[in-house]
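Just so it is clear: in the sequence shown, position 335 is 357 by the working numbering, and no numbers are missing.
The beta-carbon is built from N, C-alpha and C at its ideal position, and this holds for glycine as well.
Read through the structure below, which is laid out as structure tokens, and then see the notes.
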Amino acid sequence: AVRFANGRLLRPDSLRFTVYRNRDRAHPRKRHRRIVVSETERLCYVGHNFGSEVMKCNSLCRYFVGVLDKNSGQMEVYNAEIFNMQPLLSGGRCWGSQLLGCFVPLVPALFPRHGVGRIPSLVRAGRDSGRGRHRESGVEVQQGLQRMGVTHRGVCSSVLQMDLCIEAFGTSKQKRALSSRRMNTVGSDIVSTAVTKAAANVIDAKGVTALMQDMAQDDVQNVSAFLPPCHEDADRPEDVYKFEDILSPAEYEALRVPAAALAGVTAEEMAKRAEERSHCSFVLEELKFLPTDERSRDHKARCLWFLDTLIRFSHLKVIKKRHPMGPECPHIISRKLMKNFTSLTYNDGSIQNLISASMKAKITAYVIVLALHINNFQTDLTVLQNDMKLPESRILDIAKALRLRVSKAKGLPGLENDQNHKLGTLSLPLPTQKAPEGQRKRKKMN
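Here it is, written out as structure tokens:
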């Protein structure tokens, strides 16, 4: 099957296609390589199933073509492969030398009933399907090029020489296409001059410093799409990331029933939960320090229950159940998780909710902010990193995007004391936000 990159065929029966295969039939990869060529009134088209420009859909899906026999009413199904037909323009990829050196025609072609006929290129090595005789035009082309002092390798290296060959040996259609290309060609020096002049005008109008600030602001806005709302003009740390932006009053009220079990946990139940690992390490550690005041104890229990739910939710990949966190999770919380922390994807004929890498980063940001509210705006990032199953660099990048100050400290008792933990602190004034610097340089190995 073929697909044209710059349009749709109005009369597909008027086209002739030719398929080429690689000469090396023993090579495990080369033997499957194919090149499809075609010609219209104005342009030649080329498609192939190898190289950097190949369509990825062929490796992700399987395609079939059904041929219906009108007499018997039966359909035969054949394996198919999609070729993206690109117009052959001046300066484009030259495939003439590949056909001459590495590829041979594959008979029958895509449309056997039309016959292979004339190959739409300088190289004519096809076979007439009606008379069954070979054409020798490919040899004539090579001899003509030799008389001109140009080999087929030289043709590929120079667009001018290719145009000369079309003028000397091309068909009338190819000559019309060459004339059309030349009329539509814009000199590269004209384009370069125009771009340089436009860039200079923009720089003179805004200045280099303003342009750099605009670029940094764009990067910051892209990152901020996955972070809680930040109030930079806040006077207190608790107002930088407001609690209401993490949990609305209705959602907070819905947590009263499920969080009651955490608020009333006893020492024996605490030991059992720690042994069964029914909660993440952060929650298990914080349950040891629940306030004695009933109101404060209830507030912290609600926050810990929601934080534990967020972490467990981040471990999922594809959400297949209607209530992924179980029946004890309030409906308003389940709806919040599905709406705010998943992305929709289409798979197996149905729409599914997926926790992508960007959504996991968003969950991590909300977990860090909630942990800051629980721990007086200083939290152990390493414990959260282990609970979220993230690399250290990932959670540190998110913490810096949240404008936290990161420092080193010893781990909590019983949680890898021999390892230096990273503490994240939210304090005023907020550090200056920097745009991402791109990929880190790797250390050289001795």
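Check your understanding: Would Thr401 pass as a contact of Ile390 if the rule is Cβ separation under 9 Å?
Key -> In the sequence shown, counting from the first residue as 1, residue 401 sits at position 379. In the sequence shown, counting from the first residue as 1, residue 390 sits at position 368. Contact: yes.
Point to revise | Gly69 to Val87 span [Cα, whole Å] | key: To locate residue 69, count along the sequence shown from 1; it is residue 47. To locate residue 87, count along the sequence shown from 1; it is residue 65. Going from the Cα of Gly69 to the Cα of Val87 covers about 18 Å.
Point to revise | Sub-9 Å separation of Asp320 and Ala282 beta-carbons | key: Here the question's residue 320 lines up with position 298 in the sequence shown. Here the question's residue 282 lines up with position 260 in the sequence shown. Ala282 sits close to Asp320, with the two beta carbons spaced by under 9 Å.
Exercise for review: Quickly, what does DSSP pair Ile57 with across the bridge? List them, please.
Suggested key: Within the sequence shown, the letter at position 35 stands for residue 57. According to DSSP, Ile57 bridges with Tyr42 and His70.
Point to revise | Rounded distance between the beta-carbons of Lys195 and Glu61, thought under 8 Å | key: For this step, residue 61 is matched to residue 39 along the sequence shown. For this step, residue 195 is matched to residue 173 along the sequence shown. Right, their Cβ atoms sit about 6 Å apart.
Exercise for review: Pick out whichever of Val24, Tyr388 and Leu403 has its Cα sitting closest to the Cα of Lys264.
Suggested key: Looking up residue 264 in the sequence shown gives position 242. Checking every option, the nearest Cα to that of Lys264 belongs to Tyr388.
Check your understanding: Is the Cβ-Cβ distance between Lys422 and Gln374 less than 9 Å?
Key -> Taking the first residue of the sequence shown as position 1, residue 422 is located at position 400. Taking the first residue of the sequence shown as position 1, residue 374 is located at position 352. In terms of Cβ geometry, Lys422 and Gln374 do not form a close pair [threshold 9 Å].
Review point. Can you pull the DSSP bridge partners for His443?
Key: One-based indexing of the sequence shown puts residue 443 at position 421. Ala431, per the DSSP bridge assignment.
Review point. Near Met97, what residues of its chain come up, given a Cβ to Cβ distance below 8 Å and the 5 sequence neighbours on each side ignored?
Key: Taking the sequence shown and counting its residues from 1, one reaches residue 97 at position 75. Cβ neighbours of Met97 beyond the five flanking positions: Gly88, Val89, Leu90 and Asp91.
Check your understanding: So, using beta-carbon positions, are Arg55 and Asn71 closer together than 9 Å?
Key -> Here the question's residue 55 lines up with position 33 in the sequence shown. Here the question's residue 71 lines up with position 49 in the sequence shown. The beta carbons of Arg55 and Asn71 sit closer together than 9 Å.
Review point. Can you tell me whether DSSP reads Phe191 as helix, strand or coil?
Key: Here residue 191 is taken as the residue at index 169 of the sequence shown, counted from 1. Phe191 falls in the helix class under three-state DSSP.
Point to revise | Outcome for Gly446 when other beta-carbon atoms lying within 10 angstroms are tallied against a minimum of 16 | key: In the sequence shown, counting from the first residue as 1, residue 446 sits at position 424. Classification of Gly446: buried, given that the 10 Å Cβ count is 16 or more.
**Study point:** Nonlocal neighbours in the same chain, by C-beta distance under 6 Å from His443, ignoring five residues either side
**Key:** Walking along the sequence shown from the start, residue 443 turns up at place 421. Closer than 6 Å at Cβ, skipping near neighbours: Asp402, Thr404, Ala431 and Gly433.
Check your understanding: Touching or not, the stretch 302 to 322 and the stretch 273 to 289, by the rule of three or more beta carbon pairs under 8 Å?
Key -> yes
Point to revise | Alpha-carbon to alpha-carbon, Glu103 and His337 | key: Looking up residue 337 in the sequence shown gives position 315. Looking up residue 103 in the sequence shown gives position 81. Roughly 37 Å between the two C-alpha positions.
Practice item. Determine the direct distance from the alpha carbon of Leu392 to that of Pro259, and round the result to whole angstroms. Key: For the purposes of this step, residue 259 is taken as residue 237 along the sequence shown, with counting starting at 1. For the purposes of this step, residue 392 is taken as residue 370 along the sequence shown, with counting starting at 1. Computed Cα separation, rounded: 13 Å.
Exercise for review: Please classify Ala216: does DSSP put it in a helix, a strand, or coil?
Suggested key: Numbered from its first residue, the sequence shown carries residue 216 at position 194. In this structure, Ala216 counts as helix in the three-state DSSP scheme.
**Study point:** For Ile355 and Ala276, the rounded distance between their alpha carbons
**Key:** Start at 1 with the first residue of the sequence shown, and residue 276 comes out as number 254. Start at 1 with the first residue of the sequence shown, and residue 355 comes out as number 333. Taking the straight line joining both Cα atoms gives about 8 Å.
Check your understanding: What separation, rounded to the nearest whole angstrom, lies between the Cα atoms of Asp226 and Asp370?
Key -> Within the sequence shown, numbered from 1, the residue matching residue 226 stands at position 204. Within the sequence shown, numbered from 1, the residue matching residue 370 stands at position 348. Computed Cα separation, rounded: 54 Å.
Review point. Helix, strand or coil: how does DSSP classify Ser303 here?
Key: Position 281 of the sequence shown, counted from the first residue, corresponds to residue 303. Residue state, collapsed to three classes: helix.
Exercise for review: Given a cut-off of 9 Å, decide if Ile396 and Cys351 are closer than it, judged by their beta-carbon atoms.
Suggested key: Numbered from 1 along the sequence shown, position 329 holds the residue referred to as residue 351. Numbered from 1 along the sequence shown, position 374 holds the residue referred to as residue 396. Cβ distance not < 9 Å, so Cys351 and Ile396 don't count as in contact.
Review point. Under a three-way DSSP split, which group does Val340 fall into?
Key: Stepping through the sequence shown from its first residue, residue 340 is reached at position 318. Three-state DSSP puts Val340 in a strand.
Practice item. Measuring alpha carbon to alpha carbon, tell me which of Met292, Pro34 and Tyr85 ends up nearest Glu307. Key: Start at 1 with the first residue of the sequence shown, and residue 307 comes out as number 285. Here the closest residue by C-alpha is Met292.
Exercise for review: Output the distance between the C-alpha atoms of Leu65 and Phe363, rounded to the nearest integer angstrom.
Suggested key: The residue labelled residue 65 in the question sits at position 43 within the sequence shown. The residue labelled residue 363 in the question sits at position 341 within the sequence shown. Cα-Cα distance, rounded: 49 Å.
Practice item. Taking only the alpha-carbon atoms, compute the straight-line gap between Val59 and Tyr67 and give it to the nearest angstrom. Key: Counted from its first residue, the sequence shown places residue 59 at position 37. Counted from its first residue, the sequence shown places residue 67 at position 45. Between Val59 and Tyr67, the C-alpha separation is close to 6 Å.
Exercise for review: Under 7 Å Cβ to Cβ from Arg427, same chain only, skipping five residues before and after it: list those, please.
Suggested key: For the purposes of this step, residue 427 is taken as residue 405 along the sequence shown, with counting starting at 1. Once the five neighbours on either side are set aside, the close Cβ partners of Arg427 are Thr447, Ser449 and Pro453.
**Study point:** For Arg25, the three-state DSSP class (helix, strand or coil)
**Key:** Along the sequence shown, one-based indexing puts residue 25 at 3. It is a strand residue.
Check your understanding: Going by other Cβ atoms of all chains shown within 10 Å of its Cβ, with 16 needed for buried, is Arg425 buried or exposed?
Key -> Position 403 of the sequence shown holds residue 425. With 16 or more other Cβ atoms within 10 Å, it is buried.
**Study point:** Assigned exposure category for Val41 - 16 Cβ within 10 Å defines buried
**Key:** In the sequence shown, the residue the question calls residue 41 occupies position 19. Buried, since its Cβ has 16 or more Cβ neighbours within 10 Å.
Check your understanding: What residues in its chain sit with their C-beta under 6 Å from that of Ala220, if we drop five residues either side in the sequence?
Key -> Indexing the sequence shown from 1 puts residue 220 at position 198. Cβ neighbours of Ala220 beyond the five flanking positions: none.
Practice item. From the DSSP output, in three-state form, read off Ala102 for me. Key: Translated into the one-based positions of the sequence shown, residue 102 becomes position 80. Ala102 falls in the strand class under three-state DSSP.
Review point. What are the uninterrupted segments assigned as alpha helix (DSSP H) that are 4 or more residues long and contained completely in the stretch 323 to 392, given in chain order?
Key: Contiguous alpha helix (DSSP H) elements confined to the stretch 323 to 392 occur at 353 to 362, taking only those with 4 or more residues.
Review point. From which residue to which residue does the alpha helix (DSSP H) around Gln407 run?
Key: The sequence position of residue 407 within the sequence shown is 385, counting from 1. Segment Leu403 to Met410, the alpha helix (DSSP H) holding Gln407.
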